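Take a look at the structure set out below.
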Ligand SMILES: Nc1ncnc2c1ncn2[C@@H]1O[C@H](COP(=O)(O)OP(=O)(O)OP(=O)(O)O)[C@@H](O)[C@H]1O
Ligand SMILES: [Mg+2]
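Protein chains in written order, with our numbering: chain A, 1 to 353; chain B, 354 to 648.
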């Protein structure tokens, strides 16, 4: 099966700025693919190169097997939902949605029918005569979606489509978008800087930083086995315990304590042990479980979250965050008490830079 | 007219605070003062254009003779037509060229862009007289060279006036259209390209409708400036190509009669009609969108 998008060794420079630095990426047909990274890391630039709005400085880009390198955007079987929607202000919703069909020379009545169908699909029935200025943010977003989908693109590119919506609407749209994608079976390339959005929506995702592609995988792979320090820190919450590799299953922390941590890095490599707050447990000092790694510390603060408590535990030179589910009978550790922070050795990952 | 202006003002200043007490009184007085300052001379001009006396400052009873004189005079007729022809041609050409340069400056990168940008605004900064002398010299030399090389018989007149007007109108059109373009996100054009439009279609169906108000505004400005210009036209005009303002200027030198008032009132009416029309168009467009909000 040919993949929807195949990016090989692509670099994009703007003068001295390297916006995208030699990335390789393959996106499968029918996949919901999220492109995640902090602001300015090159997500939009990558998307724009797939759309043809920017041409790569170097490298090869294929869409369904065809090299598209410098093909203009109007010759590519992809459509974009822009970061700020970019609806045409002088056209009503119907004409906005029908625009792409008209440009392709589809006859008027067919274009109108298909545009109305798509407006129904995004649940804007009856709003076809409104101008973008007469629609709410969420409704504009749907028009932008319909305007792209009506052309039945082989790949739909979405640049932070939910970025401008409030939390409630955002969560609603996340569900709808995911359903839509599954029903249509079209590949979605979804840019976001919200890691939760990427984790919950995507089939596979890529994490970018500073123009580089750091890791590609399923949300689970990326959360459970981050390939480096940045990914571990960027995806979800984590504690990074600095240290050096001692052997293939031991890390010597910066204060000299030894903890279990599996890695295939050479002895002496500077690494960090990534410990997720919800994977660590608090217990009294003398509570030693076999087969558990543990460090001792003093509770510094407790934050009550309703469904959980977050403890900050001072441990020599650093503070570790621990999240305890709020179950009946779970003990409260007051600030100032000495505690033991323990975890299952298989629950941590060892990451280098 | 002033009602129309008031309406637009109140529409744009939606969030303004209603003044109270003496603030209100002072503001009101100020308003009337400004209006008096603007309109008193115009009112006098209009009144005395109906005065049956050769002396401009003296009321000699009501008459329409001066208007009759204006309509009957072959010279004023010819001058009026010259003005209209020149204004039309220079407006059309400068709108096309000004819009194109605005697009180039706002949407494309090219070598020498900054220099072009700076030079484009020169005609707005240079004093009219300087520009006029430059034009005079230019046409004297340029037409001579053309005539010598190509055997043409170019003389100063329509072409020299129209070219001069085009030369300075381009800057004005370009400034107005650029302001409009700057307010329009370039993402709109990209969206059009992404939706299978060619570059031309993206311009035709997206950019053009967006900047049309700017283009119309620029055209109005170019036309007004061309119809008004005395200094430059006087320097580059040739036999048979006296424009209306130049003609009025000539009349004044031979003594001021209410005929000048009548001609001025006609010119005033023409420009006010243009402005009123543009406001009206704007109003109709707004009403249109408001009605559509209904469902
Ligand atoms: N047209 C351009 N000219 C010069 N530099 C650019 C241009 N477009 C992007 N850049 C630079 O390239 C880098 C990547 O930009 P990009 O827009 O791809 O980031 P992003 O990941 O989409 O960020 P955000 O989350 O803020 O949208 C940035 O440093 C940006 O300043
Ligand atoms: Mg972006």
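By construction, the Cβ of each residue, glycine as well, lies at the ideal position given by its N, Cα and C atoms. Here the structure is a predicted model, which is why all the values come from computation and not from measurement.
Residue i Cβ short of 7 Å to ligand 2 heavy atom set
| i | result |
| --- | --- |
| residue 195/A | no |
| residue 166/A | no |
| residue 543/B | no |
| residue 83/A | yes |
| residue 66/A | no |
| residue 210/A | no |
| residue 270/A | no |
| residue 547/B | no |
Start-to-end residues for the alpha helix (DSSP H) that takes in residue i
| i | result |
| --- | --- |
| residue 74/A | Per DSSP, residue 74/A belongs to no alpha helix (DSSP H) and is neither H nor E. |
| residue 178/A | 167 to 184 |
| residue 422/B | 418 to 425 |
| residue 191/A | Unbroken run through residue 191/A is the beta strand (DSSP E), 187 to 192; no alpha helix (DSSP H). |
| residue 96/A | 93 to 103 |
| residue 284/A | Element bounds for residue 284/A: not the alpha helix (DSSP H) but the beta strand (DSSP E), 280 to 284. |
| residue 414/B | From DSSP, residue 414/B is part of no alpha helix (DSSP H); its letter is neither H nor E. |
| residue 323/A | Taken as a continuous stretch (DSSP letters only), residue 323/A belongs to no alpha helix (DSSP H), being part of the beta strand (DSSP E) at 318 to 325. |
| residue 48/A | 43 to 51 |
Cβ neighbours of residue i in the same chain (closer than 7 Å, five flanking residues each side left out)
| i | result |
| --- | --- |
| residue 312/A | 300, 301, 319, 321 |
| residue 293/A | 259, 260, 342, 343, 345 |
| residue 362/B | Confidence is the limiting factor: at residue 362/B the pLDDT is only 43, short of 50, which leaves the residue's position unreliable and the question unanswerable from this model. |
| residue 527/B | 451, 454, 455, 473 |
| residue 12/A | 19, 20, 45, 49, 54, 56, 57 |
| residue 506/B | 500 |
| residue 542/B | 555, 559, 560 |
| residue 148/A | 79, 80, 81, 156 |
| residue 593/B | 510 |
Residue span of the beta strand (DSSP E) that contains residue i, given as start and end
| i | result |
| --- | --- |
| residue 582/B | Looking at the DSSP string, residue 582/B is not in any beta strand (DSSP E), and its letter there is neither H nor E. |
| residue 607/B | Here residue 607/B belongs to no beta strand (DSSP E), and DSSP marks it neither H nor E. |
| residue 264/A | Taken as a continuous stretch (DSSP letters only), residue 264/A belongs to no beta strand (DSSP E), as it is neither H nor E. |
| residue 60/A | 58 to 63 |
| residue 8/A | 5 to 14 |
| residue 243/A | 239 to 247 |
| residue 208/A | 204 to 209 |
| residue 55/A | No beta strand (DSSP E) holds residue 55/A; DSSP gives it neither H nor E. |
| residue 377/A | Residue 377/A lies beyond the residue range present for chain A, which begins at 1 and ends at 353; the question has no answer from this structure. |
Any non-hydrogen atom of ligand 1 within 7 Å of residue i CB
| i | result |
| --- | --- |
| residue 231/A | no |
| residue 43/A | yes |
| residue 33/A | no |
| residue 17/A | yes |
| residue 423/B | no |
| residue 52/A | no |
| residue 463/B | no |
| residue 59/A | no |
| residue 511/B | no |
Own chain residues within Cβ distance below 6 Å of residue i, not counting five before or after
| i | result |
| --- | --- |
| residue 315/A | 295, 297 |
| residue 604/B | 613 |
| residue 378/A | Because chain A in this structure spans residues 1 to 353, residue 378/A falls outside the shown range and cannot be described. |
| residue 16/A | none |
| residue 413/B | 404, 405, 406 |
| residue 485/B | 584, 585, 588 |
| residue 227/A | 215 |
| residue 307/A | 326 |
| residue 646/B | For residue 646/B, the pLDDT reaches just 38, beneath the cut-off of 50, and the residue's location in the model is therefore unreliable, although a value from the coordinates is still provided. Taken in chain order, the list of residues that qualify is empty. |
| residue 360/B | At residue 360/B, the pLDDT of 42 sits below 50, so the modelled position is not reliable; the number obtained from the coordinates is stated separately. The answer is none, since no qualifying residue turns up. |
Same chain only: Cβ atoms within 8 Å of residue i, ignoring 5 sequence neighbours per side
| i | result |
| --- | --- |
| residue 371/A | Since the first and last residues shown for chain A are 1 and 353, residue 371/A lies out of range. |
| residue 159/A | 43, 44, 47, 80, 81, 82, 83, 191 |
| residue 72/A | 52 |
| residue 546/B | 552, 555 |
| residue 279/A | 343, 344, 347, 348 |
| residue 350/A | 245, 251, 261, 262, 263, 265, 271, 272, 273, 274 |
Chain D within 8 Å of residue i, Cβ atoms only
| i | result |
| --- | --- |
| residue 53/A | Checking the listed chains, one finds no chain D in this structure; the protein chains it contains are A and B. |
TODO: Could you name each continuous alpha helix (DSSP H) segment of 4 residues or more that falls completely within the region 445 to 512 of chain B, going from the start of the chain to the end?
DONE: 466 to 473, 475 to 478, 481 to 503
Task: Contact the region 613 to 622 of chain B vs the region 391 to 405 of chain B: 3+ CB pairs below 8 Å - done: yes
Task: Those runs of the alpha helix (DSSP H) which lie wholly inside the region 547 to 594 of chain B and span at least 4 residues - done: 552 to 555, 561 to 581, 584 to 589
- [ ] Evaluate contact between the region 39 to 53 of chain A and the region 110 to 122 of chain A, counting only Cβ atoms and requiring at least three cross-stretch pairs below 8 Å.
- [x] With a cut-off of 8 Å, the region 110 to 122 of chain A and the region 39 to 53 of chain A do not count as touching, because too few Cβ pairs lie within range.
- [ ] Determine contact between the region 511 to 518 of chain B and the region 556 to 570 of chain B, defined as no fewer than three beta-carbon pairs at a distance below 8 Å.
- [x] no
Open item on the list: Does the region 413 to 426 of chain B come into contact with the region 487 to 497 of chain B, if we say contact requires no fewer than three beta-carbon pairs (one atom in each stretch) closer than 8 Å?
Closed with: no
Open item on the list: Could you check whether the region 620 to 628 of chain B touches the region 451 to 471 of chain B, counting it as contact only if at least three pairs of C-beta atoms, one from each stretch, sit closer than 8 Å?
Closed with: no
TODO: Would you check if the region 86 to 95 of chain A and the region 158 to 175 of chain A touch, i.e. whether three or more CB-CB distances between them fall below 8 Å?
DONE: no
Open item on the list: Taking contact to mean 3 or more Cβ pairs, one atom from each stretch, closer than 8 Å, check whether the region 379 to 393 of chain B and the region 588 to 600 of chain B are in contact.
Closed with: no
TODO: Assess, as a yes-or-no matter, whether the region 176 to 194 of chain A is touched by the region 101 to 110 of chain A under the definition of 3 or more beta carbon pairs within less than 8 Å.
DONE: no
TODO: List in chain order: all unbroken alpha helix (DSSP H) runs of 4+ residues lying wholly within the region 109 to 153 of chain A.
DONE: Listed in chain order, the alpha helix (DSSP H) runs fully inside the region 109 to 153 of chain A are 137 to 149, counting runs of at least 4 residues.
Open item on the list: Could you check whether the region 473 to 482 of chain B touches the region 569 to 581 of chain B, counting it as contact only if at least three pairs of C-beta atoms, one from each stretch, sit closer than 8 Å?
Closed with: no
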